[in-house]
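Position 111 of the sequence shown, counted from 1, bears residue number 110 in numbering that gives the first Met the number 0, the numbering being contiguous throughout.
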Amino acid sequence: MIITKNFKAKGMHCQSCETLIDRAVKSIDGVKEAISNYETETVRVTFDSDKITLNKIKKAVEEKGYDCDLVETHNNIKSSKESKKDSEHLVIDAKFAKFFGLAFGIIGAVLIGYYIYTLSGSIALPEISANMSYGLLFLVGLLTGFHCVSMCGGFVVSYTTKHAQEGTKAYGSHLMYGLGKTLSYTIIGAAFGLLGSIIIFTPIMRGAAGIIAGGFLIIFGLNMLNIIPGLRKIRIRTPMFIAKFVGTESRKHKSPLIIGLLNGLMLACGPLQAIYIMAAGTGSPVEGAKLLFVFGLGTLPVMLSFGFFTSFLS
């Protein structure tokens, strides 16, 4: 029998979480449709109850790092054992979310303060890229790397497992994936820089781009802290045709390099959106590429460490 159920998936931080959950649930035999909603942290699943159980769907979501339960039973009291386990899980997740939320918020506030200060006329406004610390960009990338693991970790584990079954090492694949992702960021950064050179004409507009980028980081941080739920509505969605293209091509190609290149097209990541806006604010393809290259390098330590650790365990 075909039925539809709504699940609560706590811990969603951006639109990319929707994609991650949808893919995981849709991969289960018997699922007809899965639609996640980042704003409400819910997942609507249509499935054949003769082929699949509610627990299997719940487990698929939980394996991606989210706390999941049926909406209608979400507030029910669980057994003491379940309650204790869920409580410990949520406390750990909350600590990580609080740390990263505060970190992104502080960095965003620093950016906004800097550009407001320069726009006030206290000092001459430079090009965004000239005085923007590449170390700060690297730090944003490093923090984002932990989010990348949650989004792309499944793919890394899949090709690592394949290498283990074939008796080969996956180290080269890890490097190719990192190269593809960083190269993709760099190319798109150049494209945004080129776009900025066309539509952003004045230093004031370029400074405003920096302020907007800082605002996106603050919003992403607040969403991780889940302080103001209404802010979840402020987001830039990946265009549907791009999301479908990436999904289709990702299923066709198994090369880590190609998958890495495709992942750069997923524009739903909050910090990545902020850096793309900054790239546009430079008004230069070269400077835009530099910003995204440094950001991309920042995401690599965590992502590669996860990959190498997975290889070690395999």
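Yeah, the Cβ is synthetic: ideal placement off N, Cα and C, and Gly gets one too. The structure presented is a predicted model; accordingly, all values stated were derived computationally and were not measured.
Asked: Kindly identify the DSSP beta-bridge partner or partners of N5.; Found: R43
Asked: Quick check: G29 and M223, are their CB atoms within less than 8 Å of each other?; Found: no
Asked: Have a look at K7, I106, S157 and flag the residue whose alpha-carbon is nearest the alpha-carbon of T309.; Found: S157
Asked: Shortest alpha-carbon distance to I227 belongs to which of I274, Y275, E38?; Found: E38
Asked: Which one of L230, K57, F292 has the shortest CA to CA distance from G192?; Found: F292
Asked: Quick one: residues in its chain with C-beta nearer than 6 Å to the C-beta of F244, no 5 flanking neighbours on either side, listed in chain order?; Found: none
Asked: Rounding to the nearest angstrom, what Cα-Cα distance links K253 and T201 in this structure?; Found: 44 Å
Asked: Ends of the beta strand (DSSP E) at L69?; Found: 66-69
Asked: Under the assumption that G263 contacts S183 (Cβ atoms under 8 Å), give the Cβ distance between them as a whole number of angstroms.; Found: 3 Å
Asked: Touching or not, the segment 19-27 and the segment 55-70, by the rule of three or more beta carbon pairs under 8 Å?; Found: yes
Asked: Can you check whether the CB of Y170 is closer than 8 Å to the CB of F305?; Found: no
Asked: Using DSSP with H/G/I as helix, E/B as strand and the rest coil, what is L299?; Found: helix
Asked: Report the rounded CA-to-CA distance for E40 versus L296, giving the unit in angstroms.; Found: 31 Å
Asked: Going along the chain, which residues of its own chain have a beta-carbon closer than 7 Å to the beta-carbon of R43, five neighbours each way excluded?; Found: T3, N5, I34
Asked: Please specify which runs of the beta strand (DSSP E), each continuous and at least 3 residues long, are wholly inside the segment 157-207, giving them in chain order.; Found: none
Asked: Per DSSP, which one or two residues make a beta bridge with N36?; Found: T41
Asked: On the DSSP bridge assignment, give the partners of V30 in chain order.; Found: F46
Asked: Can you look up K253 in the DSSP assignment and give me helix, strand or coil?; Found: coil
Asked: Could you give the DSSP three-state label for S304: helix, strand or coil?; Found: helix
Asked: Once the 5 residues before and after G104 are set aside, which same chain residues still bring their CB inside 6 Å of it?; Found: I217, G220
Asked: Count the other C-beta atoms from every protein chain shown that fall within 10 angstroms of the C-beta of S283, then say buried if there are 16 or more, exposed otherwise.; Found: buried
Asked: Let me make sure I understand the geometry here. Which of L230, C67, L260, F311 has the alpha-carbon closest to that of G177?; Found: L260
Asked: Helix or strand or just coil, what does DSSP make of P310?; Found: Looking at the sequence provided, one finds Ser at residue 310 rather than Pro. The answer is helix: DSSP assigns S310 an H, G or I state.
Asked: Starting from K63 and walking both ways along the alpha helix (DSSP H), at which residues does that stretch end?; Found: No alpha helix (DSSP H) contains K63, which DSSP labels as neither H nor E.
Asked: Mapping the DSSP letters down to three states, classify S15 as helix, strand or coil.; Found: helix
Asked: To the nearest angstrom, report how far apart G206 and G213 are at their CA atoms.; Found: 11 Å
Asked: Could you check whether Y65 and K0 sit closer than 8 Å to each other, using their CB atoms as the reference points?; Found: Note that residue 0 is Met in the sequence shown, not Lys. Not a contact, by the Cβ cut-off of 8 Å.
Asked: With a 10 Å radius around its C-beta and 16 neighbouring C-beta atoms as the bar for buried, classify L312 as buried or exposed.; Found: exposed
Asked: How far does the alpha helix (DSSP H) with L271 in it extend, from its first residue to its last?; Found: 269-281
Asked: Helix, strand or coil for I363 per DSSP?; Found: Because residue 363 is not part of the residues shown, which for the chain are 0 to 313, the question remains open.
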